[in-house]
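J.: First to last, the protein sequences are chains A and B.
Each residue of the first sequence is one higher than the one before, starting from 44 at the first, in the numbering used here.
Each residue of the second sequence is one higher than the one before, starting from 44 at the first, in the numbering used here.
A virtual CB, placed ideally from N, CA and C, is assigned to each residue, including glycine.
Submitted below is the structure of interest, expressed as structure tokens.
Protein chains: 2
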Amino acid sequence: MKITAYLSIGSTYTFLTALRLRDVIDREGITVEFRPFSVRAIMREMNNIPFPPEKEAKVRYMWRDIERRAAGYGLPSPKVPAPYPLQDFDRANHVGIIAEQQGWYIDYFEATYRAWFLDGLEAGSDANIHQVCQGLGRSFDDVTAAALTPEAEAGYRANTEAAKAAGVFGAPSFVVGDELFWGDDRLEDAIAFSRR
Amino acid sequence: MKITAYLSIGSTYTFLTALRLRDVIDREGITVEFRPFSVRAIMREMNNIPFPPEKEAKVRYMWRDIERRAAGYGLPSPKVPAPYPLQDFDRANHVGIIAEQQGWYIDYFEATYRAWFLDGLEAGSDANIHQVCQGLGRSFDDVTAAALTPEAEAGYRANTEAAKAAGVFGAPSFVVGDELFWGDDRLEDAIAFSRR
Chain A
44 MKITAYLSIG STYTFLTALR LRDVIDREGI TVEFRPFSVR AIMREMNNIP
94 FPPEKEAKVR YMWRDIERRA AGYGLPSPKV PAPYPLQDFD RANHVGIIAE
144 QQGWYIDYFE ATYRAWFLDG LEAGSDANIH QVCQGLGRSF DDVTAAALTP
194 EAEAGYRANT EAAKAAGVFG APSFVVGDEL FWGDDRLEDA IAFSRR
Chain B
44 MKITAYLSIG STYTFLTALR LRDVIDREGI TVEFRPFSVR AIMREMNNIP
94 FPPEKEAKVR YMWRDIERRA AGYGLPSPKV PAPYPLQDFD RANHVGIIAE
144 QQGWYIDYFE ATYRAWFLDG LEAGSDANIH QVCQGLGRSF DDVTAAALTP
194 EAEAGYRANT EAAKAAGVFG APSFVVGDEL FWGDDRLEDA IAFSRR
């Protein structure tokens, strides 16, 4: 069964997914549909404030956990804490919508997280998009212009509504039929379920 | 290296740990120290309210995820949602302190979660403790009397302080040297780390 991946650039743990998803797809021979959405819009509705000061221990833990799990997957070591939260969260994902429409989402997804977590260039920023477009042979001007069109926003909203309808409350999320799996650490559970 | 398990009866995901920890210890040949503590006291300080109404999607997900992961581990299927939150949270853990002092914590830990998640008897309740004591050949009267002593409360507080000092913010948590691992789904990471 197909896996629908609801992905939101700006989520921290998604670094792990961004850097391993292509290999996982190849190795497991699974079909994954990418739906870039706004986890921020959904979390706002849930009154979920990421990284509040009284949760400092939890935040410190999160960065260390990401670092350790990256090592466990054999991924390059991220520079943590990475710049957070994103100033241009929606822009990062609007570019994702365009990339998805043009068939290069997985490339953008991986490259933008590499630039963000390995090179310290915040996703959604000019510096990040420049570097990503250069690396992928895309035109910065064309991509950023397309990201500003109503079509990009419409696609983003539609995906966010679909995510909400599927019960998504965090990112990354993986939907298989009626089953929701939340978190990079549930990707393997989603794959196992997709084979049943 | 030794693994210190900070365990708090009342946590939902801990059902998975309670039902598999004994087997994991035997199979992996690891040394685990049990420290029953109050995750509730720590979460209160973090203003963390479990299960708020606006997070209904997340709560629904949690029960389903526990159910699926239980199946993945080959554990008996829990009756979800289990009674929650516990009315006698501290009592459930005070009994844990006594059991730990007397060397039968792992038995209590597993039995109380079985009674709670499989038979619907809330941990910390008379019905739960009765069934657990009967199954383990312990005296309900002796155990519940000991759980009311200042020594039980002192041990509970000391463990909660130690948990806080180790950066613990949720349960179950596993500490290996200076490294903290949070969640049943990080037990394997903790074990891998304990071998380095």
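In chain order, what residues of the stretch 188-214 of chain B put their CB closer than 9 Å to some CB of chain A?
T.: Those would be Lys207, Gly210, Val211, Phe212 and Gly213, in chain order.
J.: On the three-pair Cβ rule with 8 Å, is the stretch 86-97 of chain A touching the stretch 91-105 of chain B?
T.: Yes, they touch.
J.: Taking the alpha carbon of B:Gly210 as the reference point, which residue from B:Ile141, B:Asp66, B:Val82 and B:Ile73 has its own alpha carbon closest?
T.: Per the Cα distances, B:Val82.
J.: How would you label B:Tyr151, buried or exposed, when you count the other beta carbons within 10 angstroms and need 16 or more for buried?
T.: So B:Tyr151 counts as buried.
J.: Along chain A, in chain order, which residues have C-beta atoms closer than 7 Å to that of B:Met89?
T.: Simply Glu97 and Lys98.
J.: Please say whether B:Ile109 and B:Tyr156 have beta carbons closer to each other than 8 Å?
T.: In this structure, B:Ile109 does not lie closer than 8 Å to B:Tyr156 by Cβ.
J.: May I have the straight-line CA-CA distance separating A:Gly139 from A:Ala195, to the nearest angstrom?
T.: Approximately 9 Å, taken between the alpha carbons.
J.: Are the stretch 211-228 of chain A and the stretch 164-184 of chain B touching by the rule of at least three beta carbon pairs closer than 8 Å?
T.: The stretch 211-228 of chain A is not in contact with the stretch 164-184 of chain B.
J.: Quick check: the Cα distance between B:Ile73 and B:Lys45, rounded to an integer number of angstroms?
T.: Answer to the nearest angstrom: the Cα atoms are 7 Å apart.
J.: Count the other CB atoms within 10 Å of the CB of A:Asp232; is the residue buried (16 or more) or exposed (fewer)?
T.: Counting Cβ neighbours within 10 Å, A:Asp232 comes out buried, since at least 16 surround it.
J.: For A:Phe224, write down the residues that DSSP places opposite it in a beta bridge.
T.: Beta-bridge pairing links A:Phe224 to A:Phe217.
J.: Name, please, each residue of chain A whose Cβ falls closer than 8 Å to the Cβ of B:Arg103.
T.: Neighbours of B:Arg103 on chain A, chain order: Gly210.
J.: Residues in the stretch 146-165 of chain A with C-beta within 8 Å of chain B's C-beta atoms, listed in sequence order?
T.: Hits within the stretch: zero.
J.: Taking the beta strand (DSSP E) that B:Glu13 belongs to, which residues open and close that run?
T.: With chain B running from 44 to 239 in the structure shown, residue 13 of chain B is simply not present.
J.: Classify B:Ile92: buried if its beta carbon has 16 or more other beta carbons within 10 angstroms, exposed otherwise.
T.: Flag for B:Ile92 reads exposed.
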